[in-house]
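Undergrad: Here's a structure for you.
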Amino acid sequence: MTARPGHARSGNSPSASATVTALPRTHLPASPAAAFDPALPAPQRRIRLTAALPPPLQELLARGRTDRRPRFGEDGFDGMIEQWSPPAGVTAAQAALARQTLEELSATVLVPADSDHLLGRVLTLLSHFPAKGLSPEVERMMALDWADDLGEYPAWVIDAAARNWRRSRKWRPSIAEMRALCEEICAPERALADRLQALADAAPREAAAPDPRALATGALRRMG
Numbered sequence: 459m460t461a462r463p464g465h466a467r468s469g470n471s472p473s474a475s476a477t478v479t480a481l482p483r484t485h486l487p488a489s490p491a492a493a494f495d496p497a498l499p500a501p502q503r504r505i506r507l508t509a510a511l512p513p514p515l516q517e518l519l520a521r522g523r524t525d526r527r528p529r530f531g532e533d534g535f536d537g538m539i540e541q542w543s544p545p546a547g548v549t550a551a552q553a554a555l556a557r558q559t560l561e562e563l564s565a566t567v568l569v570p571a572d573s574d575h576l577l578g579r580v581l582t583l584l585s586h587f588p589a590k591g592l593s594p595e596v597e598r599m600m601a602l603d604w605a606d607d608l609g610e611y612p613a614w615v616i617d618a619a620a621r622n623w624r625r626s627r628k629w630r631p632s633i634a635e636m637r638a639l640c641e642e643i644c645a646p647e648r649a650l651a652d653r654l655q656a657l658a659d660a661a662p663r664e665a666a667a668p669d670p671r672a673l674a675t676g677a678l679r680r681m682g
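First residue of the sequence shown? That's 459 in the numbering used here, and the numbers climb one at a time after it.
What follows is the structure, given as structure tokens:
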């Protein structure tokens, strides 16, 4: 039998055409919302969110300056706060990109909780620490106050705060304590939002194109 050209093989030689298997590629999330995972620790959440930002914004965030300053409250020294400043030379296009990204972050990761979800979570948390001498009507009125005072926080933040409290405390929380806990939980996401806002404000908005009718009217007035 005559072997076809290019297909002859010896008994001890490997196949002339080896099969190459491509390694799977890791696809990064296309947006901050897709990258966000509330179950991760705070440092990892921030790393993932930053990595999902458009590259120009990542570069600007890396070039910004962070200053640490003391903070003073009613009782005196209340720890250190970080103040971030954007780098010089932010363009109008970069500022617009920062505004767009901030709007997406605010509409997804940082969107306030639905009122029904918030009220149900508060009522459930308070039921773990029943208060004596309070009627159901008063309990519900108190829950409405809680829902009003916690309404600015996302659902994932309120869920995490409630879970943290019931696992680590033996007494009913106050609204101030829950607000402080919520602030601590979402601090990385809010800090990123503040930096995006600073970038958005670092360059003037592009001026809108003038109305052709207004230009024509002005020209006629000058001619007259």
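We put the beta carbon where it would ideally sit given N, CA and C, even for glycine.
Just so you know, these numbers come straight off a predicted model, no measurement behind them.
Since P544 and A660 are thought to touch, with beta carbons under 8 Å apart, how far apart are those beta carbons, to the nearest angstrom?
TA: As a position in the sequence shown, residue 544 is number 86, starting the count at 1. As a position in the sequence shown, residue 660 is number 202, starting the count at 1. That pair is a contact at about 4 Å.
Undergrad: With burial defined as no fewer than 16 other Cβ atoms inside 10 Å of the residue's Cβ, what is the status of E561: buried or exposed?
TA: Along the sequence shown, one-based indexing puts residue 561 at 103. Counting Cβ neighbours within 10 Å, E561 comes out exposed, since fewer than 16 surround it.
Undergrad: Would you check if the region 511 to 529 and the region 589 to 606 touch, i.e. whether three or more CB-CB distances between them fall below 8 Å?
TA: no
Undergrad: With R630 as the anchor, note down where its alpha helix (DSSP H) starts and where it stops.
TA: In the sequence shown, residue 630 corresponds to position 172, counting from 1. Segment: none, R630 is in no alpha helix (DSSP H) and carries neither H nor E.
Undergrad: How about L608 and M636: are their beta carbons less than 8 Å apart?
TA: Your numbering for residue 608 matches position 150 in the sequence shown. Your numbering for residue 636 matches position 178 in the sequence shown. Contact: yes.
Undergrad: With A613 and D572 assumed to form a contact (beta carbons below 8 Å), what rounded beta-carbon distance in angstroms separates them?
TA: Here residue 613 refers to the residue found at position 155 of the sequence shown. Here residue 572 refers to the residue found at position 114 of the sequence shown. Correct: roughly 7 Å between the Cβ atoms.
Undergrad: Tell me the start and end of each unbroken alpha helix (DSSP H) in the region 533 to 612 that is at least 4 residues and wholly inside, in chain order.
TA: You should have 550 to 565, 573 to 585, 594 to 607.
Undergrad: Which residue's Cα is closest to the Cα of A493: T549, L555, E647?
TA: Counted from its first residue, the sequence shown places residue 493 at position 35. Closest option to A493, Cα to Cα, is E647.
Undergrad: Could you check what DSSP says for P512 in three-state terms: helix, strand or coil?
TA: Position 54 of the sequence shown, counted from the first residue, corresponds to residue 512. Looking at P512 - three-state DSSP - the assignment turns out to be coil, as it is neither helix nor strand.
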